[in-house]
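Below is one structure; the comments refer to it alone.
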Amino acid sequence: MNYLLKGARVVDPSQELDSGPLDILVENGRIARIEEKIFKTIAAARRSKIADLTLLDLKGMVITPGLIDMHTHLREPGFEYKETIESGSQAALAGGFTSLACMPNTKPVNDNRAVTEFIKRKSLECGLVHIYPIAAITKGSEGKQLAEFGDLKDAGAIALSDDGKPVMDAGIMRRALEYAASLGMPVISHCEDLHLSEGGTMHEGIAATRLGLAGIPGIAEDVMVSRDIILADFTQTAVHIAHVSTKEAVALVRDAKKRGIKVTAETAPHYFSLTDEFLAEYDTNGKVNPPLRTHDDVRAIKEGLRDGTIDVIASDHAPHGRTDKEVEFDYAAFGISGLETSLALGLRLVEEGILTIGQLIAGMATEPARILQIPGGTLKVGSAADLTVIDLGKVWRVAPSAFRSRGRNTPFSGWEMRGKAVLTMVGGEIRYREGAI
Ligand SMILES: [Zn+2]
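Rendered as structure tokens:
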């Protein structure tokens, strides 16, 4: 099937493009042309020699490169009651994502080629979105012994992280950065000093004191961001900081970039949408690691996104089952099911005037592709037709029961959102569509 996508506004940061109405011709799974009025009339399109051409009228819609989530927990193998590769892929499509990179904290941990190959095989069988496995830095993500990076790369791993846990030993982190750099593999760091965060369940501050909950101080993140910047500088390698949540971490990354250190950073939508005050009712849906912080931190995250200090918005999609969350706050699992709300929360920043839509799509597609060195993030002619059609005016309400993800754990339940992915195309095939599109 070939498609003529007619009359949309096309936003593609990889070409510094934001204009419309434009037509996009998708032929044999690739972007063949982007022009004003590719065919003067519908009859002319029908007369063209392009076989099986379907016309889609996308007036009033925005077309962007397919969104790429560089921080997803798919839970398979081992925790299929929380999510599977299939349900996570379906959630991704509904959220406008055409590619995702999945973290290695499965059971078993993705620290060897058998697990990497399993994820690759399973994702190809599902055939929904592109899935790029991120392998563990250390065996079992226990922080003690490096995994076999070369072997993992051969098997299809595209990056390395012990996400969920930090690499506490600076000597091991140094060797990981050097070894990974020699193979051209990005390293993604979950920055948390476990001695400082030990026992904590929410941000250390006034709200935690009032609730009588043990705190995770901002410095637990900051000292590790600082350490990793020093290591990246010393080893002349690149490091990507996962889920930045504090004002100080933003400042550290900004300063490091100014000094030419190869550091990139991401944040997740909940860090610019909520503060620790959300937890006043002990709602475990807001329990996440790093924790929801303060108004000052939220302001700094937004400024970091605006000025480019933070390169990426990643979902940190962390689906859980009811039994993980419907327990006392202290015992509840950390995490938010984020794939189906990320885009809409990002669009709020556009509505607030903090980001342009081009900046938002850069952070959700072009930059993740660049940092991970994976295909996508562009609508350049000749590239695979991975694209997302967004209806900016669509008003909808977050209903966890309607999630395609198995994880219904969201603090955004009932929120009214404006803007949604209404069609998601992967390799020239429509994998998701809704409404009248
Ligand atoms: Zn993490």
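Using the working numbering, the letters of the sequence shown map in sequence onto residues 1 to 437.
Don't be surprised by glycine CBs; every beta carbon is placed ideally from N, CA and C.
Query raised in the report: Under 8 Å, do E266 and H73 count as touching if we go by C-beta distance?
Result: Their beta carbons are not under 8 Å apart, which means E266 does not touch H73 by this criterion.
Query raised in the report: What are the residues that DSSP puts in a beta bridge with V239?
Result: V239 is bridged to V263.
Report task. Please report how far the alpha carbon of W396 lies from the alpha carbon of R433, in whole angstroms. Result -> In a straight line, the C-alpha of W396 is about 15 Å away from that of R433.
Requested in this report: Might you give, ordered along the chain, the residues of its own chain that have their beta carbon closer than 6 Å to the beta carbon of G304, omitting 5 neighbours on each side?
Outcome: Closer than 6 Å at the Cβ level, and outside the excluded window around G304, lie V250 and I310.
Query raised in the report: With burial defined as no fewer than 16 other Cβ atoms inside 10 Å of the residue's Cβ, what is the status of Q90: buried or exposed?
Result: With 16 or more other Cβ atoms within 10 Å, it is buried.
Query raised in the report: Among A51, R46, K49 and L55, which one has its Cα closest to the Cα of A8?
Result: Comparing Cα-Cα distances from A8 to each of A51, R46, K49 and L55, the minimum goes to L55.
Query raised in the report: Whole-angstrom Cβ separation of S273 and S315, contact assumed at under 8 Å?
Result: The beta-carbon separation of S273 and S315, rounded to 12 Å, does not stay under the 8 Å limit for a contact.
Query - Contact test: D163 Cβ vs ligand 1 heavy atom, cutoff 7 Å - result: It does: the Cβ of D163 is within 7 Å (strictly closer) of some heavy atom of ligand 1.
Query raised in the report: Applying the criterion that 16 or more other CB atoms from any shown protein chain within 10 Å of the CB defines a buried residue, is D307 buried or exposed?
Result: It counts as exposed.
Report task. Under the assumption that D23 contacts L5 (Cβ atoms under 8 Å), give the Cβ distance between them as a whole number of angstroms. Result -> Going by Cβ atoms, the distance from D23 to L5 rounds to 7 Å, so yes, they are a contact pair.
Requested in this report: Report the residue from L146, A92 and K40 whose alpha carbon sits nearest the alpha carbon of L128.
Outcome: Cα-wise, what sits closest to L128 is A92.
Requested in this report: Enumerate in chain order the residues of its own chain whose CB-to-CB distance from G88 is below 6 Å, with the five nearest sequence positions on each side excluded.
Outcome: Contacts found: L74.
Query raised in the report: Who are the near neighbours of L58 in its chain, counting only those whose CB is closer than 7 Å to its CB and skipping five residues on each side?
Result: Non-local beta-carbon contacts of L58 in its own chain, meaning distances under 7 Å to residues more than five positions away in sequence, involve L5, K6, G7, A8 and V389 in chain order.
Query - Minimum length 3: unbroken beta strand (DSSP E) runs contained in the segment 390-436 - result: Correct list: 416-426 and 429-433.
Query raised in the report: Excluding the five sequence neighbours on either side, which residues of its own chain have a C-beta within less than 6 Å of the C-beta of A238, listed in chain order?
Result: Within the same chain, A238 has close Cβ partners K262.
Report task. Go through its chain and collect everything with a Cβ distance to A208's Cβ below 6 Å, but skip five positions before and after it. Result -> Correct list, in chain order: M202 and G215.
**Report entry** Any non-hydrogen atom of ligand 1 closer than 7 Å to H320 Cβ
**Finding:** Incorrect: H320 has no Cβ contact closer than 7 Å to ligand 1.
Requested in this report: Use the C-beta contact count for K153: other C-beta atoms within 10 angstroms, 16 or more gives buried, fewer gives exposed.
Outcome: Burial check for K153: the Cβ neighbour count within 10 Å reaches 16 or more, so the residue is buried.
Query - Where the alpha helix (DSSP H) containing I134 begins and where it ends - result: First-last for I134: H130 to A135, but that is the beta strand (DSSP E), not the alpha helix (DSSP H).
**Report entry** Whole-angstrom C-beta distance between L194 and P166, which should lie under 8 Å
**Finding:** Here P166 really is in contact with L194; their C-beta atoms are around 7 Å apart, less than 8 Å.
Report task. Closer than 6 Å by C-beta to L67: which residues in its own chain qualify, once you throw out the five before and the five after it? Chain order, please. Result -> Beyond the five residues adjoining it in sequence on each side, L67 comes within less than 6 Å, by CB distance, of G96, F97, M364, A365 and T388 in the same chain, given in chain order.
Query - Per DSSP, cross-strand counterpart(s) of L5 - result: Paired residue(s): I24 and L56.
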